[in-house]
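See below for the structure under consideration.
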Amino acid sequence: MEMIRLVFSVTGGISKQPLIYWYRDASTIKGLRGWYTGTYAEIANTKRGHMDKNGFKDIIAEFAPKFEGRKQLARELRSVLFPIKDGAIFTGTFRDHDIMYDGMINAFSRTIGRLGKEERAIA
34 MEMIRLVFSV TGGISKQPLI YWYRDASTIK GLRGWYTGTY AEIANTKRGH
84 MDKNGFKDII AEFAPKFEGR KQLARELRSV LFPIKDGAIF TGTFRDHDIM
134 YDGMINAFSR TIGRLGKEER AIA
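Its first residue numbered 34, the sequence shown is counted upward by one per residue in this note's numbering.
Put into structure tokens, the structure is as follows:
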């Protein structure tokens with residue numbers, strides 16, 4: 034089964050792209066299966082490991098070259114979804130959902146603006 038993620042295009046629309054296109058090598062996807070398979074504790078441990086400073090570097094290092102410009106978006110989303118609280122990665126639920134949603138919307142908006150500027154500079 035091919036994993037599909039919704040991706041915002043530069044023009045602000047939403048497109049579906051297979052997750053595999055974001056990565057250099059299909060074998061990397063296997064490591065991400067731990068995000069949705071296993072027990073709750075196994076899934077949580079996998080996510081904590083991948084979102085740790087060093088684990089996250091390994092994840093974005095596998096982005097395909099054509100998605101180099103999306104690494105900053107990934108970093109910003111990581112900061113929004115897994116902020117550091119009391120010296121550890123926060124994996125709980127936000128009481129105020131707007132903190133998370135606004136942070137995600139702002140990260141996508143900045144990326145769309147940045148990519149739009151890059152496209153206009155190339156044109």
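Where a beta carbon is used, it is the ideal one built from N, C-alpha and C, also for glycine.
Just so you know, these numbers come straight off a predicted model, no measurement behind them.
Suppose contacts are defined by Cβ-Cβ distances below 7 Å. Is Met-84 in contact with Phe-115 by that definition? yes
By how many angstroms is the C-alpha of Phe-100 removed from the C-alpha of Arg-143? 16 Å
In terms of DSSP beta bridges, what is Ile-117 paired with? Ile-122
Quick check: what's the CA-CA separation for Glu-109 versus Ala-140? 6 Å
Short of 6 Å in beta carbon distance, which residues of its chain neighbour Gly-67, apart from the five on each side in sequence? Order them along the chain. Thr-79
What is the rounded straight-line gap between the Cα of Ala-94 and the Cα of Asp-129? 32 Å
Less than 7 Å between C-beta atoms, sequence neighbours within five positions excluded: which residues of the same chain meet that for Arg-81? Ile-122 and Thr-124
Just to confirm, is the Cβ distance from Phe-89 to Arg-103 under 7 Å? no
My assumption, with CB atoms under 8 Å, is that Val-113 sits in contact with Gly-146. Please give the rounded CB distance. That belief does not hold up - the Cβ atoms of Val-113 and Gly-146 are roughly 17 Å apart, past 8 Å.
Below 8 Å CB to CB, which residues in the same chain sit around Glu-151 once its five sequence neighbours on both sides are set aside? Gly-102
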